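Enquirer: Residue numbers (the numbering used here): 255 to 692.
One structure follows; several queries about it will come next.
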RNA sequence: GCCCCCAUCGUCUAGCGGCCUAGGACGCCGGGUUCUCAUCCCGGAAACAGGGGUUCGAUUCCCCUUGGGGGUGCCA
């Protein structure tokens, strides 16, 4: 069966994750079936639609890899067709003009519901039915002559050859109207699938007010698109087994509307973060570097830094950050002498009995090594520890804090090698001067 | 108010009458590995909303209650 889906957002603000997931499911369903995924910009609300919103929308879709087929259709260009459909309904007596509600604004065109129950089969919810009494007539063309959402939506879906309408749960009730409209216009009725809503941590639906629910913000925070994609897919759908971290190809292959749940699901930022870390760890060095580079440049830390040095530092950081942003705090010491000393780490490792003496002897030994390489440095340090009759950790910790200011980080010896002899010795000396008076 | 939808660990979910002493994941707690952190490994606490049916047998089917959500615009 040929499949055509569409994503039909109205560009009236930032794209939040609820919309994003609708787009993802439409995209997946089409790609799975080898069908078409179309984009329609529902910009009929001239008051609220903005070019910036359209741009933001397109950017987010590209970021997430939701490529659409053909050109985007702007609904505002289709007004003629919408009005023509209304005329047809008027002529056949399936619609009428009236000053609904006696507003005095003039006459609107109202669709006459057929006076019988409307039934359709939702791909997710099953058979849905609404009695005639619960389906009043409704406006399809405003008194100012502009077509209403319902009319435009239905006419354009038919025009685009949409076979499967996959949208949010908030459209379930509209579907009864849409089905009736399509029947009256003698248009082919697509299959419908209504996705459960995504709710926030309070269990409430995401509104424009929920600050951190915008797709673009996840991007800004350093989330990987494949991680957000994977996470969002799992909100309401599962492959039926225990798989969770899946490649896009795998998801496309497995995706199926049958397995979509019909209960709302709550977004869990912690699981998203974990998912992101999973993808971060699997990232090729080049991509990891590019993500980190943006953050580090923004923080002004990469000026005059050699590419090879940057690469070696990032190679050590890879797999240790959950979000690109974290690299600023965790790897700044690679690029500046003005790195921050974590007070807790200083107290625990430097302001300690013997720490100063340890630093002194490490500095001395490190100053004598021929090649400043990880393996050599480790040998030297461990030998020194043996001589002193202490555990290597007693030496390792103070050195780590001295050269990085942090109590955590990559393996010490690899780190030292990358930093290089001069930096390391200077930093140890400086730490002794600062924390070891006398 | 009325109409519609939904209901398994804190969260995302598996389960489509017996395989369930309900499985996995995130998070949490404990332990191990490691120079730290992270990773990794092992272990633990944690759920079928309540009540009626149907059935030899219900998490699974039906009804009611409760609780969520959606709709009820000349918004989309």
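By construction, the Cβ of each residue, glycine as well, lies at the ideal position given by its N, Cα and C atoms.
Only a predicted model underlies this, so the values are computations on that prediction, with no experimental measurement involved.
1. Pairs of beta-carbons, one from the region 431-450 and one from the region 382-398, closer than 8 Å: are there three or more?
2. Among residues of its own chain, excluding the 5 on either side of residue 690, which ones have a beta-carbon nearer than 6 Å to its beta-carbon?
3. State yes or no: is the C-beta of residue 612 within less than 8 Å of the C-beta of residue 649?
4. List the residues that DSSP assigns as beta-bridge partners of residue 292.
5. Let me know if residue 523 comes out buried or exposed under the rule of 16 or more other beta-carbons within 10 Å of its beta-carbon.
6. Looking only at its own chain, which residues have a Cβ that is under 7 Å from the Cβ of residue 533, when we skip the five neighbours before and after it?
7. One question on the structure: do residue 417 and residue 276 come within less than 8 Å of each other, judged by their Cβ atoms?
8. If you draw a straight line from the alpha carbon of residue 435 to that of residue 365, how long is it in whole angstroms?
9. Pull up the distance between the alpha-carbon of residue 668 and that of residue 552, whole angstroms please.
10. Per the DSSP calculation, residue 393 is bridged to which residue(s)?
11. The beta strand (DSSP E) spanning residue 584 covers which residue range?
12. Taking the C-alpha atoms as reference points, what is the distance between residue 628 and residue 452?
13. Could you check if residue 644 is buried or exposed, using at least 16 other CB atoms within 10 Å of its CB as the buried criterion?
14. Which runs of the alpha helix (DSSP H) at least 4 residues long sit entirely within the region 402-464? Give them in chain order.
15. Could you check what DSSP says for residue 285 in three-state terms: helix, strand or coil?
16. Quick one, are the C-beta atoms of residue 328 and residue 297 less than 8 Å apart?
17. Taking all protein chains shown into account, do 16 or more other C-beta atoms lie within 10 angstroms of the C-beta of residue 305, making it buried, or fewer, making it exposed?
18. Buried or exposed for residue 373, going by 16 or more other Cβ atoms inside 10 Å?
19. How many whole angstroms separate the CB atoms of residue 521 and residue 489, which I take to be in contact at a CB cut-off of 8 Å?
20. Out of curiosity, what's the CA-to-CA distance linking residue 572 and residue 540?
21. If contacts are defined as beta-carbon pairs under 8 Å, then residue 367 and residue 344 qualify, I think. What distance do you get, rounded to the angstrom?
22. Quick check: what's the CA-CA separation for residue 302 versus residue 266?
23. Taking Cβ positions, are residue 679 and residue 621 nearer each other than 8 Å?
24. Less than 8 Å between the CB atoms is what I'm expecting for residue 605 and residue 655, so what's the real figure, rounded?
25. Taking the alpha-carbon positions, what's the residue 557 to residue 570 distance?
26. Please classify residue 519: does DSSP put it in a helix, a strand, or coil?
27. Quick one: is residue 429 buried, meaning 16 or more other Cβ sit within 10 Å of its Cβ, or exposed?
28. Give me the residue from 505, 458 and 559 with the minimum Cα distance to residue 518.
29. Using 10 angstroms around the beta-carbon of residue 399, count the other beta-carbons present and answer buried if the total reaches 16, otherwise exposed.
30. Buried or exposed for residue 662, going by 16 or more other Cβ atoms inside 10 Å?
31. The beta strand (DSSP E) that contains residue 626, what's its start and end?
32. So, is residue 424 buried or exposed, given that buried needs 16 or more other C-beta atoms within 10 angstroms?
33. Please classify residue 658 as buried or exposed, where buried requires at least 16 other C-beta atoms within 10 Å of its C-beta.
34. So, are the CB atoms of residue 326 and residue 282 less than 8 Å apart?
Expert: Walking through what the data contain:
1. yes
2. Locating residue 690 in the first chain gives position 436, where the first residue counts as 1. Counting only Cβ-Cβ distances below 6 Å, and skipping sequence neighbours, we find 610.
3. Working through the first chain from its first residue, we reach residue 612 at position 358. Working through the first chain from its first residue, we reach residue 649 at position 395. Taking 8 Å as the Cβ cut-off, residue 612 and residue 649 qualify as a contacting pair.
4. Within the first chain, residue 292 is the residue found at index 38, counting from 1. Residue 292 is bridged to 260.
5. Locating residue 523 in the first chain gives position 269, where the first residue counts as 1. Residue 523 should be labelled exposed.
6. The residue given as residue 533 occupies position 279 in the first chain. 478, 480 and 481.
7. Residue numbering aside, residue 417 sits at position 163 when the first chain is read from its first letter. Residue numbering aside, residue 276 sits at position 22 when the first chain is read from its first letter. No, they are not a contact pair.
8. For the purposes of this step, residue 435 is taken as residue 181 along the first chain, with counting starting at 1. For the purposes of this step, residue 365 is taken as residue 111 along the first chain, with counting starting at 1. So the two alpha carbons sit approximately 8 Å from each other.
9. Taking the first residue of the first chain as position 1, residue 668 is located at position 414. Taking the first residue of the first chain as position 1, residue 552 is located at position 298. About 26 Å.
10. Locating residue 393 in the first chain gives position 139, where the first residue counts as 1. DSSP, once it has assigned bridges, lists 364 as partnering residue 393.
11. Residue 584 sits at position 330 when you count from the first residue of the first chain. That residue, residue 584, is in no beta strand (DSSP E); its alpha helix (DSSP H) goes 580-585.
12. On the first chain, residue 628 is found 374 positions in, with the first residue counted as 1. On the first chain, residue 452 is found 198 positions in, with the first residue counted as 1. For residue 628 and residue 452, the distance between alpha carbons rounds to 49 Å.
13. Translated into the one-based positions of the first chain, residue 644 becomes position 390. Its Cβ having fewer than 16 others within 10 Å, residue 644 is exposed.
14. Here the runs fully enclosed are 403-414 and 426-438.
15. As a working note, residue 285 is residue 31 in the first chain. If DSSP states are grouped into helix, strand and coil, residue 285 belongs with the helices.
16. As a first step, residue 328 is located in the first chain; it is residue number 74 there, counting from the start. As a first step, residue 297 is located in the first chain; it is residue number 43 there, counting from the start. Taking 8 Å as the Cβ cut-off, residue 328 and residue 297 qualify as a contacting pair.
17. One-based indexing of the first chain puts residue 305 at position 51. Here residue 305 is exposed, its C-beta having fewer than 16 other C-beta atoms within 10 Å.
18. The residue given as residue 373 occupies position 119 in the first chain. Classification for residue 373: exposed.
19. Walking along the first chain from the start, residue 521 turns up at place 267. Walking along the first chain from the start, residue 489 turns up at place 235. Between residue 489 and residue 521 the Cβ distance is about 7 Å, and since that is below 8 Å, they are a contact.
20. As a first step, residue 572 must be located in the first chain, where it is residue number 318. As a first step, residue 540 must be located in the first chain, where it is residue number 286. Each residue's alpha carbon lies about 10 Å from the other.
21. Residue 367 sits at position 113 when you count from the first residue of the first chain. Residue 344 sits at position 90 when you count from the first residue of the first chain. Not confirmed; about 15 Å, so no contact.
22. Locating residue 302 in the first chain gives position 48, counting from the first residue. Locating residue 266 in the first chain gives position 12, counting from the first residue. Looking at the backbone, the Cα of residue 302 and that of residue 266 are separated by about 5 Å.
23. Taking the first residue of the first chain as position 1, residue 679 is located at position 425. Taking the first residue of the first chain as position 1, residue 621 is located at position 367. Taking 8 Å as the cut-off, the beta carbon of residue 679 is found closer than this to the beta carbon of residue 621.
24. Translated into the one-based positions of the first chain, residue 605 becomes position 351. Translated into the one-based positions of the first chain, residue 655 becomes position 401. At roughly 10 Å, the Cβ-Cβ gap does not stay under 8 Å, so residue 605 and residue 655 are not in contact.
25. What you label residue 557 is simply residue 303 of the first chain in a count that begins at 1. What you label residue 570 is simply residue 316 of the first chain in a count that begins at 1. Roughly 20 Å separates the two Cα atoms.
26. Position 265 of the first chain, counting from 1, holds the residue named residue 519. Strand.
27. As a first step, residue 429 is located in the first chain; it is residue number 175 there, counting from the start. Buried, by the Cβ-count rule.
28. Stepping through the first chain from its first residue, residue 518 is reached at position 264. Residue 458 is the option with its Cα nearest to residue 518.
29. On the first chain, residue 399 is found 145 positions in, with the first residue counted as 1. So residue 399 ends up on the exposed side.
30. Position 408 of the first chain, counted from the start, is the residue given in the question as residue 662. Under this definition residue 662 is an exposed residue.
31. Taking the first residue of the first chain as position 1, residue 626 is located at position 372. Here residue 626 belongs to no beta strand (DSSP E), and DSSP marks it neither H nor E.
32. Looking up residue 424 in the first chain gives position 170. Exposed.
33. For the purposes of this step, residue 658 is taken as the residue at position 404 of the first chain. Under this definition residue 658 is a buried residue.
34. Walking along the first chain from the start, residue 326 turns up at place 72. Walking along the first chain from the start, residue 282 turns up at place 28. Against a cut-off of 8 Å, the Cβ pair of residue 282 and residue 326 comes out as no contact.
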